[in-house]
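Participant: Numbering (UniProt numbering), first residue to last: 1 to 223.
Structural data, given as structure tokens:
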């Protein structure tokens, strides 16, 4: 669990605060839950970016994001894979797009910015900046050398015993596959980003890394 920050104030001195970012809170773990309970802004103007993997169970995700939204001036959420799981222990049984939409509605009820909302503009130091939370998923194209298809990469992952849990819990309904859902998300997001004010720099928020895992055996075919 890591955090990054951008500090500052406007030239006029009216906006003080920090633009903070954190991800992988995984509040199912008691130690992480305790950390979230201690997270507090340094000022009433602080914004917090939460870049995915808050938890797996809907109630846990709602608890953590709700707590943070009460403390920070603005919370911006971008989902990770864990939020999108339909976990056997979760009473919320929505799958795929329906689960994502339920998460979006929960966030909106708490004033949290989601990838479906207008992108807010940060007016602090370095600003104005368009803050763009993204939800893109992945299309399995980051594979080990020699594995030329998604099917070959997944077979290799099975052989190595490193199959991602997404294959069991992250359902793409109503899309036929996760990569089909990804392509739809990329097309929609590309159009939205193209409509952003070109005069402003943009902060792109995405849970998934843009390069393969550093360890070859852990380079799972999910990006």
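Ideal placement from N, C-alpha and C gives every residue a C-beta, glycine not left out.
Count the CB pairs spanning the stretch 60-74 and the stretch 44-52 that are closer than 8 Å, and state whether there are at least three.
Facilitator: yes
Participant: Just how far apart, CA to CA, sit residue 192 and residue 21?
Facilitator: 22 Å
Participant: Using only the alpha-carbon positions, how far apart do residue 133 and residue 28 sit?
Facilitator: 23 Å
Participant: What is the rounded straight-line gap between the Cα of residue 85 and the Cα of residue 120?
Facilitator: 27 Å
Participant: Using CA atoms only, rank isn't needed, just tell me which of 31, 39, 40, 51 is closest to residue 208.
Facilitator: 51
Participant: Let's test the definition: count the other Cβ atoms within 10 Å of the Cβ of residue 123 and tell me whether it reaches 16, buried, or not, exposed.
Facilitator: Result: buried.
Participant: Could you tell me whether the stretch 128-145 touches the stretch 184-203, using the rule of 3 or more Cβ pairs below 8 Å?
Facilitator: The answer is yes - the stretch 184-203 touches the stretch 128-145, with three or more Cβ pairs under 8 Å.
Participant: Would you say the beta carbon of residue 72 comes nearer than 7 Å to a heavy atom of the ligand ADP?
Facilitator: Absence of the ligand ADP is noted for the structure shown, with no ligands found whatsoever.
Participant: Run through DSSP, which three-state label would residue 132 get?
Facilitator: strand
Participant: What are the boundary residues of the alpha helix (DSSP H) that residue 97 is part of?
Facilitator: 96-109
Participant: Within this structure, are the beta carbons of residue 69 and residue 96 separated by less than 8 Å?
Facilitator: no
Participant: Could you tell me the distance, in whole angstroms, from the CA atom of residue 142 to the CA atom of residue 104?
Facilitator: 28 Å
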